[in-house]
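Numbering (full-length UniProt numbering), first residue to last: 1 to 104.
No residue lacks a Cβ here, since even glycine has one placed at the ideal position from N, Cα and C.
First up is the structure itself, then whatever we jot down about it.
Now the structure itself:
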């Protein structure tokens, strides 16, 4: 973003789309719970589902959404897929939002 004579440059369409999709991701309680769980490190889909008391297909669906936004990454070990956070900036926003909500 370039600042010229007290004017802030307009955001391009791609940036606007990515920012809105990121906030859409953070607007869903299940995705927030998944990302919050991944603060502590890498977990398998089954670990996430068990910890959050969700079915695996729902967790997989949410992880796919987060992966498409590059908010999580995965690795395969045999038949097991492990997920971890992939965007420190968004994780900081999430943590700050949690901190903010906790201090109301």
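Three CB pairs or more closer than 8 Å across the region 61 to 71 and the region 7 to 17: no
Inter-residue spacing [alpha-carbon to alpha-carbon] between residue 94 and residue 56: By 1-based counting over the chain shown, the position of residue 94 is 94. By 1-based counting over the chain shown, the position of residue 56 is 56. Roughly 23 Å separates the two Cα atoms.
Runs of beta strand (DSSP E) lying entirely within the UniProt domain "HTH arsR-type" (11 to 104), each at least 3 residues, in chain order: 72 to 77, 80 to 85
Contact under 8 Å by Cβ, residue 16 with residue 37: To locate residue 16, count along the chain shown from 1; it is residue 16. To locate residue 37, count along the chain shown from 1; it is residue 37. Their beta carbons are not under 8 Å apart, which means residue 16 does not touch residue 37 by this criterion.
Neighbourhood of residue 33 by C-beta, 7 Å cutoff - its chain only, sequence neighbours within 5 removed: Within the chain shown, residue 33 is the residue found at index 33, counting from 1. Excluding positions up to five away in sequence, the list reads 52.
Distance between residue 54 and residue 86 (C-alpha atoms, nearest Å): Mapped onto the chain shown, residue 86 falls at position 86. Mapped onto the chain shown, residue 54 falls at position 54. Between residue 86 and residue 54, the C-alpha separation is close to 22 Å.
8 Å Cβ shell around residue 24 - same chain, five flanking residues per side excluded: Mapped onto the chain shown, residue 24 falls at position 24. Cβ within range, chain order: n/a, list empty.
Rounded separation between residue 76 and residue 82 - CA only: Residue numbering aside, residue 76 sits at position 76 when the chain shown is read from its first letter. Residue numbering aside, residue 82 sits at position 82 when the chain shown is read from its first letter. Whole-angstrom Cα-Cα distance: 6 Å.
From 45, 66, 50, residue whose alpha carbon lies closest to that of residue 79: Indexing the chain shown from 1 puts residue 79 at position 79. Relative to residue 79, the option among 45, 66, 50 whose CA is nearest is 45.
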